[in-house]
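Only one structure is covered here, and it is reproduced in the block below.
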Amino acid sequence: MASVSLETKPTSKPGVIEEVPSQALSHAATSEMNQELYMEGRDRLVTSIDATNEILSGLRQFNKDQWVLRYPTKASSESMPLSVLRLDLKLGAAQNASTLVDSMEKSTVGQLLEERMSRSLQHLKNLRVRITDTQSKVLVTGDLNAGKSTFINALMRRELVPTDQQPCTSVFCEIHDAVRDNEDREEVHLIRDMASYDAKDPSTFEVRGLDELEAVFAEEEEREHTELPVLKVFCRDVQAAKESLLHNGAVDIALIDAPGLNQDSVKTTALFAREEEIDVVVFVVSAENHFTLSACEFLQNASNEKAYVFVVVNKYDQIRNKDKCRRRVLEQIRELSPRTYEEAEELVHFVDSRSVCDMAEEAKELSDQVKRFENLEQNLHDFVLRRRAKSKLLPAKTYMDRLLSDVMFLVQLNEQAARSDLAAARRDLSKSRPALEKCETSAVKAQRLVEGEEDKVVSAVAQSTEEAVALALETIGRGESAHASVTLPAYPGLFSLWQYAQDVRHALLESVQAAVTECETLARNATTEAVTKISQTGESFLPKDVDVPKRVFVPEAMFAKKPENTMFTGLGVSTDAVAVRLTDLFDVPHHFTVLIGANESKKTPENDADSQALVPSMTIGLGALSLVGTQAFNLKTIAEAIVRVTDLLGSRVVRRWAAPVLFMVGVGAVAWVVTDLPNAVPRNVGRSLKHELMNGHSVVHLPSNSAALLRHSSNVFATMHGMRTTREVRKVLRLASWDIQEKFRVAIAQRRADVQKAEAQEKLASAALAWLTETAARSASVQTQVASAL
1 MASVSLETKP TSKPGVIEEV PSQALSHAAT SEMNQELYME GRDRLVTSID
51 ATNEILSGLR QFNKDQWVLR YPTKASSESM PLSVLRLDLK LGAAQNASTL
101 VDSMEKSTVG QLLEERMSRS LQHLKNLRVR ITDTQSKVLV TGDLNAGKST
151 FINALMRREL VPTDQQPCTS VFCEIHDAVR DNEDREEVHL IRDMASYDAK
201 DPSTFEVRGL DELEAVFAEE EEREHTELPV LKVFCRDVQA AKESLLHNGA
251 VDIALIDAPG LNQDSVKTTA LFAREEEIDV VVFVVSAENH FTLSACEFLQ
301 NASNEKAYVF VVVNKYDQIR NKDKCRRRVL EQIRELSPRT YEEAEELVHF
351 VDSRSVCDMA EEAKELSDQV KRFENLEQNL HDFVLRRRAK SKLLPAKTYM
401 DRLLSDVMFL VQLNEQAARS DLAAARRDLS KSRPALEKCE TSAVKAQRLV
451 EGEEDKVVSA VAQSTEEAVA LALETIGRGE SAHASVTLPA YPGLFSLWQY
501 AQDVRHALLE SVQAAVTECE TLARNATTEA VTKISQTGES FLPKDVDVPK
551 RVFVPEAMFA KKPENTMFTG LGVSTDAVAV RLTDLFDVPH HFTVLIGANE
601 SKKTPENDAD SQALVPSMTI GLGALSLVGT QAFNLKTIAE AIVRVTDLLG
651 SRVVRRWAAP VLFMVGVGAV AWVVTDLPNA VPRNVGRSLK HELMNGHSVV
701 HLPSNSAALL RHSSNVFATM HGMRTTREVR KVLRLASWDI QEKFRVAIAQ
751 RRADVQKAEA QEKLASAALA WLTETAARSA SVQTQVASAL
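FYI, the UniProt record's numbering numbers position 518 of the sequence shown as 518, with every residue one higher than the one before it.
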């Protein structure tokens with residue numbers, strides 16, 4: 001602290017020196033002490049602003065990237081309403097706004113909060129600049145025609161800014177000390193772009209004279225502005241330093257005359273925006289109109305940060321019932337700015353600025369009006385200069401207190417939400433994890449049962465089909481119809497023998513087709529039962545809440561796709577299968593084969609029957625050759641028969657009767673063959689068809705994907721249809737099995753999604769809780785630091 005020395009000043013008597021009163025020294029010491037306290041408080045606030053900026057930036061990023069901040073509902077906001085970070089929903093009543101917030105999506109509320117925090121971060125930046133600025137800015141504002149310009153002229157004790165009954169001030173007019181700020185030049189700088197303004201660069205502004213102020217106001221009034229220009233008015237203060245605000249010798253002061261509220265939306269918005277740059281607000285209100293709606297809104301916003309507002313109730317002397325006016329104004333101030341009301345003696349003044357400006361110099365000393373105005377000046381001087389910690393730093397401290405309180409409230413609210421989300425996630429996991437495990441286990445069990453049922457049905461259908469088709473081939477091999485629905489044609493006579501053979505071949509193929517069709521029907525029935533059983537088996541393991549559309553099984557659709565280019569649809573044979581062979585009439589090769597190749601090891605029912613049919617004719621033609629029972633010939637017996645016949649032919653008697661006997665044998669053989677044709681042709685045709693189908697000759701269309709496998713089968717035709725039926729049945733059962741798998745896939749996916757959602761919520765809530773707890777501790781520490789700043 002600087003040392004205090006005595007000062008002397010001349011007295012009324014020459015040669016006599018008087019000491020400065022001790023209270024003057026005390027006042028100087030107090031001012032120096034206040035300055036030190038101011039500097040210390042300012043440094044603490046700057047540190048707190050930086051810390052708060054870091055906290056709020058982190059909270060904004062946290063809200064944007066990790067956790068959508070919850071906003072207080074109607075119930076919680078009533079217990080502790082937000083002030084700085086309150087969402088401005090423009091619905092009038094606060095309860096309506098809270099109701100709207102309750103109905104909003106969390107993401108929407110998060111976006112609104114993010115915008116609000118962005119504005120607060122910008123305000124913190126402006127706040128830091130403001131409290132580190134050595135200059136103090138005093139904003140004079142109020143409603144239209146409240147007398148703001150007149151009040152400034154009264155403060156300056158000169159007609160500086162123009163006044164009129166109509167609104168005059170259409171721009172921001174900053175009044176600075178010309179001696180201190182502009183090398184003692186009185187002039188006006190008209191600035192269109194404040195961002196580029198440089199007092200030393202004339203290209204960044206337009207110079208006008210003080211006497212042109214009224215003309216400048218008139219010119220700007222006619223312009224259409226998207227951003228209001230600024231006038232910097234540099235003038236000399238005629239008052240002594242101890243009474244002057246501008247020329248006080250201690251602190252740089254700028255008086256700002258602002259456009260009136262409600263003049264237009266552009267000017268009102270600009271005024272609200274510039275409020276962030278202001279240290280002290282002097283609000284001029286007309287004693288005739290009191291506070292308008294715009295004035296109330298402005299004062300409420302100002303009170304959120306400034307706490308204290310200097311109120312000038314102008315035109316007071318024109319009011320008849322002054323007590324009523326004073327009472328109503330103070331009641332409004334108590335609602336709008338409680339702390340201002342608490343110090344209303346110093347901060348609220350009832351004056352008449354026009355009377356002070358118009359009163360003659362000789363009358364001012366005795367006027368009560370002047371005394372009231374001088375009292376206002378003294379209190380304003382003290383508030384701006386001597387109580388600078390209150391006028392310049394306290395607004396910042398107030399804003400910081402409210403912002404940090406809002407941050408703490410939001411953080412604690414979201415801590416509770418995070419704990420609630422964490423508990424809910426863990427409850428969900430305790431249910432969803434066992435449900436997922438059970439569903440996966442059930443899916444495995446159901447799949448095993450379904451696959452077992454599928455294999456069992458497919459094997460049974462394949463076996464029954466092959467057996468039925470093989471039996472059908474055996475039946476037609478005997479010249480009989482393989483199915484009761486098909487009968488063989490009647491014998492038309494010898495002259496239609498060829499057509500008869502063709503009709504028989506066609507009928508036998510139709511009977512085989514009927515047998516195959518019956519196998520398909522049986523396969524459909526077995527498949528229908530299996531599909532029902534598979535569905536019931538699978539659904540018995542499925543969770544009850546799975547809703548998957550059921551596939552409708554249509555048995556008629558099975559075997560609907562038949563092989564193309566075939567004579568008999570679905571049978572798999574070509575048109576050649578109907579063509580008559582010569583052996584269908586006289587199967588000499590077969591009889592010869594039976595004659596020379598039949599033995600006990602290769603005897604079949606057909607061979608045995610043919611042998612029996614052949615014996616009578618051979619007995620007539622070769623009487624010497626006989627067969628014992630149904631014993632077939634072999635080469636040895638034939639040789640022996642030939643030797644015997646040769647022996648007989650050596651006899652004269654035999655030679656005499658040989659020709660008649662041979663003739664009779666030939667006639668008998670022909671007669672027998674002709675009479676046996678109705679029975680022999682079906683046997684010959686059936687035997688031929690059986691042989692062709694079983695061996696898979698060219699009449700059978702073998703599937704390309706299984707041709708190699710079929711060639712090694714002993715009954716190609718039966719195996720082919722067994723495989724075809726199996727494929728169709730398996731395809732249907734696979735679809736039924738796929739339905740069950742799909743339902744389990746959906747059920748498992750739903751439960752896995754529930755688990756993943758709960759796990760993600762648990763992880764998010766856990767991380768959010770840790771971050772919010774740390775942020776709450778940091779915010780509380782900064783709050784303590786802010787509280788100790790003043």
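A virtual CB, placed ideally from N, CA and C, is assigned to each residue, including glycine.
**Request:** Would you list the residues sitting across from His381 in a DSSP beta bridge?
**Result:** Per DSSP, none; premise fails for His381.
**Asked** How many whole angstroms separate the CB atoms of Leu228 and Ile175, which I take to be in contact at a CB cut-off of 8 Å?
**Response** About 16 Å separates the two Cβ atoms, so there is no contact after all.
**Asked** What's the gap between the Cα of Val384 and the Cα of Glu374?
**Response** Distance between the alpha carbons of Val384 and Glu374 is about 15 Å.
**Item:** Delimiting residues of the alpha helix (DSSP H) encompassing Ser136
**Value:** Taken as a continuous stretch (DSSP letters only), Ser136 belongs to no alpha helix (DSSP H), being part of the beta strand (DSSP E) at 136 to 142.
**Asked** With 16 other CB atoms within 10 Å as the buried threshold, where does Ser118 fall?
**Response** Looking at its Cβ environment, which holds fewer than 16 other Cβ atoms inside 10 Å, Ser118 is exposed.
**Prompt:** Is DSSP giving Val786 helix, strand or coil here?
**Reply:** helix
**Prompt:** Within 10 angstroms of its Cβ, does Glu529 collect 16 or more other Cβ (buried), or is it exposed?
**Reply:** exposed
**Prompt:** Around the C-beta of Gln61, are 16 or more other C-beta atoms found within 10 angstroms, so that it is buried, or is it exposed?
**Reply:** exposed
**Request:** Using a threshold of 9 Å, state whether the C-beta atoms of Val285 and Leu347 are closer than that.
**Result:** no
**Pairwise C-alpha distance: Gln412 and Trp67** = If you take the alpha carbons of Trp67 and Gln412, they lie about 14 Å apart.
**Item:** Those runs of the beta strand (DSSP E) which lie wholly inside the segment 380 to 465 and span at least 3 residues
**Value:** none
**Prompt:** How is Val313 classed by DSSP in three states: helix, strand or coil?
**Reply:** strand
**Prompt:** Cβ of Ile55 within 9 Å of Cβ of Ser779?
**Reply:** yes
**Request:** Tell me whether Leu190 sits in a helix, a strand or coil according to DSSP, three-state version.
**Result:** strand
**Asked** Considering only C-alpha positions, which residue in the set Gln111, Asn679, Arg745, Thr340 is nearest to Leu488?
**Response** Asn679
**Message:** So, does the segment 462 to 471 touch the segment 487 to 501, judging by three or more C-beta pairs under 8 Å?
**Reply:** no
**Prompt:** Curious, which full-length alpha helix (DSSP H) runs of at least 4 residues does the segment 472 to 548 contain?
**Reply:** 497 to 541
**Item:** For Val282, the three-state DSSP class (helix, strand or coil)
**Value:** DSSP places Val282 in strand when its eight states are reduced to three.
**Request:** Might you give, ordered along the chain, the residues of its own chain that have their beta carbon closer than 6 Å to the beta carbon of Ala396, omitting 5 neighbours on each side?
**Result:** Leu45, Leu127, Ile131
**Asked** Excluding the five sequence neighbours on either side, which residues of its own chain have a C-beta within less than 6 Å of the C-beta of Arg442, listed in chain order?
**Response** Correcting the residue identity first, residue 442 is Ser in this sequence and not Arg. Within the same chain, Ser442 has close Cβ partners Phe541.
**Request:** Taking all protein chains shown into account, decide if Phe663 is buried (16 or more other Cβ within 10 angstroms of its Cβ) or exposed.
**Result:** exposed
**Message:** According to DSSP, is Glu206 part of a helix, a strand, or is it coil?
**Reply:** strand
**Request:** With DSSP as the reference, please indicate the residues paired to Lys200 in a beta bridge.
**Result:** Note: Lys200 sits in no beta bridge, so no partner.
**Prompt:** Between which two residues does the beta strand (DSSP E) harbouring Asp323 extend?
**Reply:** No beta strand (DSSP E) holds Asp323; the alpha helix (DSSP H) holding it covers 322 to 336.
**Asked** If we ignore side chains and look at the alpha-carbon of each, how far apart do Asp201 and Ala195 end up?
**Response** 13 Å
**Asked** If you follow the alpha helix (DSSP H) that Glu174 is part of, which residue opens it and which one closes it?
**Response** Premise fails: Glu174 lies in the beta strand (DSSP E), 172 to 177, not in any alpha helix (DSSP H).
**Request:** Starting from His123, trace the alpha helix (DSSP H) both ways and give me its first and last residue.
**Result:** 106 to 132
**Message:** On the DSSP bridge list, what partners appear for Phe234?
**Reply:** His176, Glu187
**Item:** Cross-strand partners of Asp348 (DSSP beta bridge)
**Value:** Reading the sequence as shown, one finds Val at residue 348 and not Asp. According to DSSP, which records beta bridges pairwise, Val348 is partnered with Val311.
**Asked** Taking the alpha-carbon positions, what's the Thr398 to Thr775 distance?
**Response** 21 Å
**Request:** Count the CB pairs spanning the segment 436 to 455 and the segment 748 to 765 that are closer than 8 Å, and state whether there are at least three.
**Result:** Three or more pairs of CB atoms, one per stretch, sit closer than 8 Å, so the segment 436 to 455 contacts the segment 748 to 765.
**Asked** If Phe350 and Arg326 are in contact, beta carbons under 8 Å, what's the gap, nearest whole angstrom?
**Response** 6 Å between Cβ atoms; contact.
**Request:** Please go through the same chain and pick out, in chain order, the residues whose beta-carbon is closer than 6 Å to the beta-carbon of Ala787, but skip the five residues on each side of it.
**Result:** none
**Asked** Where do the N-terminal and C-terminal ends of the beta strand (DSSP E) with Ile319 fall, by residue?
**Response** Taken as a continuous stretch (DSSP letters only), Ile319 belongs to no beta strand (DSSP E), as it is neither H nor E.
**Prompt:** Does any CB atom of chain B fall closer than 9 Å to the CB of Glu342?
**Reply:** Going by chain labels, chain B is absent from the structure shown, which holds only one protein chain.
**Prompt:** Are the Cβ atoms of Leu231 and Leu245 separated by less than 9 Å?
**Reply:** no
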